[in-house]
Amino acid sequence: MRPLRRGTNLSRVAGFNEAVVIDAIRRARDGLSRVEVSEQTGLSAQTVSNIVRRMLESGLLREGDRVTQGLGKPRTPLTLHPRGRYAMGVHLDPLQTTIVLVNLRGDVVAHVQLPSPAQAEPDDIIADIAVEIPRIISDAGVAPELIAGVGLASPGPIDTCTGTVLEPPHLPRWRNVPVVEKLAARIDLPVVLDKDVIAACIGERWTGATLGQANSLFLYLSTGIGVGIAVDDAITRGATDNAGDIGHLIVDASGPSCPCGQRGCLGVTLSPGALVERAIAARLLTGTHLDAVRSADPARVDESFMALCALVEAGDPAALALVDASAVQLARAISTLANVFDTDVVAVGGPTWMRLREVYLPRLPSLVHAGLVGRPQHKPVEVVGTALGDDVIAIGAACLVLDREFAPAVSAIALER
Ligand SMILES: [Zn+2]
């Protein structure tokens, strides 16, 4: 593993050093002793001791029992105190709104799902979220002052400067909605907004499948398909904070035509609706399902997609062959992304993945490997499933808040000068 970011022993960047210490401890699932923190961060023993004392007092860290291993000196592991801080995460999705409360380690403490019918007005959905948040916090018995804030994750495009959801293709009623301002006016907590895949990428890095990895991607397979990108331990947001749109990556030159004018774009090849259309063409599903796909109503498309998934689960050979063929297209997208970003690990999640992962996961490593270029043969790209399950984006949205508060950002040095 690459060395972690090094701290500096200057007191004027104490906030940065605290973040460096938290970051090192968070990445070690079994905790770190003071000596190990000092070794990994380059901070002096005295600096580490002072920082750790302050963070034990403020309840962000906790100390385990002294353990003696072999002949070595006993070590006292420090871990993040799960109850030291909490954050709320909200995933705005065409099918439902998911709200989670997570602790400092990223564990889900509470989870609520609200239906978000396609015809519901954004204002009503925001009002529902504003009612649920205090209720969730109080039901969980968490002191409100321990809540660091609320992270919102939405499909792009979004404007993070103004906290506005601009015009996501799959949230048709959400047009220039200043969601941060509207929600913050109703609840007494800071609110931040990020793109769904970026939030999920942060979540997997905070507590999930890519913990401790400097270079990782998170691929989200749903009605919309996108990627969250982390390069050299930094999240790539791009010039407008909307990085990760891969819906028009061509994965099948003879595939279905796309409104963009190309054929076989990822978005029209691997979406649930596209898979259902192929299943109808292969006479696996009846033509009545075509109405659902054409309606573009996410709930109806999902129902038809579930019918296909049921055939796959039952072991129907033709259904399995159809999904197998789509694994080749998925692998093409993953290899291309892995080549572009020279990544080490790609985590995949989203509703399509959660239902078809049993078919996809065993097929992907060799297919992806075959598509890699310009990478040393002995360093394969790892492909893994999300460790955060169905709630990956909501958990990611909460981790967004924790990340802003605790991850060592270079901007923290500038601010504290
Ligand atoms: Zn396209």
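Count the sequence shown with numbering that gives the first Met the number 0 and you get residues 0 to 416, in order. All C-beta atoms, glycine included, are put in the ideal place defined by N, C-alpha and C. Only a predicted model underlies this, so the values are computations on that prediction, with no experimental measurement involved.
C-alpha distance - residue i paired with residue j, whole-angstrom precision
i	j	result
Ala-199	Leu-70	42 Å
Asn-175	Ile-224	21 Å
Arg-84	Gly-370	43 Å
Leu-79	Val-99	19 Å
Arg-134	Ala-386	27 Å
Ala-318	Met-353	17 Å
Ala-306	Ala-291	12 Å
Pro-189	Ala-126	16 Å
Leu-55	Arg-362	46 Å
Asp-158	Leu-165	7 Å
Ala-413	Asp-402	Per-residue confidence for Ala-413 stands at a pLDDT of 44, beneath the threshold of 50, marking its modelled position as unreliable; the derived number appears in the next sentence. Between Ala-413 and Asp-402, the C-alpha separation is close to 17 Å.
Gly-286	Cys-257	21 Å
Leu-9	Ala-23	Unreliable placement is indicated for Leu-9, whose pLDDT of 42 sits below 50; no coordinate value is reported for it.
His-368	Leu-336	12 Å
Ser-294	Arg-374	44 Å
Val-383	Val-89	24 Å
Ala-27	Gly-388	22 Å
Leu-91	His-169	11 Å
Buried or exposed (CB count within 10 angstroms, at least 16 for buried), residue i
i	result
Ser-270	buried
Leu-212	Reading off the sequence, residue 212 comes out as Gln, not Leu. Classification of Gln-212: buried, given that the 10 Å Cβ count is 16 or more.
His-202	The sequence as given places Gly at residue 202; His does not occur at that position. Buried is the call here.
Lys-194	buried
Thr-67	exposed
Arg-331	buried
Arg-52	exposed
Ala-417	Look at the range of the chain in this structure, 0 to 416, and you will see that residue 417 is not part of it.
Arg-277	buried
Ala-44	exposed
Val-101	buried
Gly-63	exposed
N- and C-terminal bounds of the alpha helix (DSSP H) containing residue i
i	result
Val-130	121-138
Ala-330	316-340
Leu-289	287-294
Gly-202	195-206
Val-226	Where Val-226 is concerned, there is no enclosing alpha helix (DSSP H), although the beta strand (DSSP E) it sits in stretches over 224-230.
Ala-184	Counting along the chain, Ala-184 falls outside any alpha helix (DSSP H), and DSSP gives it neither H nor E.
Cys-398	391-405
Cys-257	That residue, Cys-257, is in no alpha helix (DSSP H); it is neither H nor E in DSSP.
beta-carbon residue i near ligand 2 non-hydrogen atom, thresh 8 Å
i	result
Gly-202	This structure lacks ligand 2; its bound ligands are ligand 1.
N- and C-terminal bounds of the beta strand (DSSP E) containing residue i
i	result
Pro-168	Careful: Pro-168 lies outside any beta strand (DSSP E) and carries neither H nor E.
Glu-381	381-384
Arg-61	60-62
Val-89	85-90
Val-250	Val-250 -> no beta strand (DSSP E), and no H or E assigned at all.
Ser-48	Here Ser-48 belongs to no beta strand (DSSP E); instead the alpha helix (DSSP H) covers 44-56.
Thr-78	77-79
Beta-bridge partners of residue i, as assigned by DSSP
i	result
Gln-95	Pro-114
Val-347	Leu-218 and Gly-384
Leu-269	In DSSP, Leu-269 forms no bridge with anything.
Ser-153	Lys-194
Ile-146	Tyr-85
Leu-31	Leu-77
Item to check | Below 5 Å from a heavy atom of ligand 1 - residues by beta-carbon | outcome: His-247, Cys-257, Cys-259, Gln-261 and Cys-264
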